[in-house]
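Per full-length UniProt numbering, the sequence shown starts with residue 1, numbered consecutively. A virtual CB, placed ideally from N, CA and C, is assigned to each residue, including glycine. Here's the structure, in structure tokens; my notes come after.
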Amino acid sequence: MATATFALVSASMLTACPSDDGSDDDVGTDEEDTGMDDSMMDEETTMGGELSHAADIQPIWDANCAVEGCHVAGAIAPDLSDGYTAMVGVASTQAAGVDYVVAGDAANSYVVAKLAGTQSDLGGAGSQMPLNLEALSDADQALITDWINSGANP
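Rendered as structure tokens:
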């Protein structure tokens, strides 16, 4: 019995280890391996470090929200061409007493609710964002939530 258990454990350990074929494939992953979209693979992205609005979140707004006719100057509030200034600690125009982004508290941040389509839970109105498009990817929504919960750094 002990020999069979040892053999089973040894086989499990061997299959869990990466191959050592001499290639340098353990240095990192490329974009195709990550499942991330282009907005998350920006050169300035702080992979593995502290999340920042400029490097990690603004590219999401730029690609999905701060587009002609939507959340840009002179159009629908908030103007996300500078999403940090427009949302962190700024009262929502749709939900009384609720800020777009409450640093450290994604559950009470209106932008998270709008992206998830749960804005009515916070007393808000309107449609899920982005309007008339597919919802942001789960990865982008998780990144925004993580950024807010980690303090919504600039």
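As the crow flies, the alpha-carbon of TYR84 is around 15 angstroms from that of ASP105. A distance below 8 angstroms separates the beta carbons of ASP99 and SER109. With 16 or more other Cβ atoms from the protein chains shown falling within 10 Å of its own Cβ, PRO59 counts as buried. At least 8 angstroms separates the beta-carbon of ALA116 from that of GLN94. Burial check for LEU136: the Cβ neighbour count within 10 Å reaches 16 or more, so the residue is buried. Taking a 10 Å sphere around the C-beta of LEU133, we find fewer than 16 other C-beta atoms and assign the residue as exposed. In the three-state reduction of the DSSP assignment, VAL98 falls in the coil class.
A straight-line Cα-Cα distance of about 12 angstroms links VAL90 and ASP79.
The Cβ atoms of ILE76 and TRP147 do not sit closer than 8 angstroms to each other.
Distance from the CA atom of LEU51 to the CA atom of ALA152, rounded to whole angstroms, is 8 angstroms. Within the same chain, PRO78, ASP79 and LEU80 come within 7 angstroms of ALA86 by CB-CB distance, once the 5 residues on both sides are set aside. Under the DSSP assignment, THR145 falls in the alpha helix (DSSP H) whose first and last residues are 138-149.
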